[in-house]
Amino acid sequence: MTKKILILLFFLGSIFMQAQNLVWKTNMTDAIALSNEQKKPMLILFTASGVPENLQNEIFKTPDFAVWSRDNVILVKLDLSDSTADESDREQKLKLKSAFGVEDLPEVCFASASIRKNKTTFSALGKIAYKPGGAKAWIAESNAILHSSE
């Protein structure tokens, strides 16, 4: 009996740790390079301090999201309230927020990008905010955005 409990705890612990080990890029240049290298779109989270944590707590911190994101997207977090960011970085984040039509925070945009002749061109795939229903419903809607042309 003790052995079964230990195995169960180990299994649940590994799932929990996997959900906590998401790697969020904070630099767009690095994210674009990785996105193009792995041929995956970017999931760009626009956020700031003081915004509701529902999206983080109910979606991003789940094992379902950890597995899905690892296989489908490059995670990018753009914190618009980051006081450690320099002026050009803050300006770039605000331009991207405007370009993607983000009005409410937090909000997620899916996009791909290419760099030619030192000019970055984004291709917006869609955007999604928090909606009640859990990670599986959010992932299903995200898949509909990412695979709309299939």
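Mind the numbering: the sequence shown is residues -19 to -1, 1 to 131 in mature numbering (1 follows the signal peptide of the UniProt record, and there is no 0), read in order.
Positions of the beta carbon are idealized from the N, C-alpha and C atoms, including for glycine.
Can you list the alpha helix (DSSP H) stretches of 4 or more residues lying completely in the region 28 to 102, in chain order?
44 to 53 and 68 to 80
Looking at Val57: is its Cβ nearer than 8 Å to the Cβ of Lys6?
yes
Would a C-beta distance cut-off of 8 Å place Pro113 and Leu36 closer than the cut-off?
no
Three-way DSSP call (helix, strand, coil) for Lys20 in this model
coil
Answer yes if the region 54 to 74 comes into contact with the region 21 to 38, meaning at least three C-beta pairs across the two stretches below 8 Å, and no otherwise.
yes
With H, G and I counted as helix, E and B as strand and the rest as coil, what does DSSP make of Lys112?
coil
Looking at the ligand MN, does it come within less than 7 Å of Ser30, judged from the CB to the closest heavy atom?
As for the ligand MN, it is missing from this structure, which has no ligand bound.
Where does Lys74 land, buried or exposed, given buried means 16+ other C-beta within 10 angstroms?
buried
When burial is assigned at 16 or more other CB atoms within 10 Å of the CB, is Ala47 buried or exposed?
buried
Buried or exposed: which applies to Lys78, given that a residue is buried once 16 or more other Cβ atoms fall within 10 Å of its Cβ?
buried
Given Ser50 as reference, the closest of Val89, Ala66 and Thr102 once Cα atoms are compared:
Val89
Contact belief for Thr43 with Ala125 at Cβ below 8 Å, rounded distance in angstroms
In fact, because the Cβ distance is near 19 Å, the residues do not count as touching under 8 Å.
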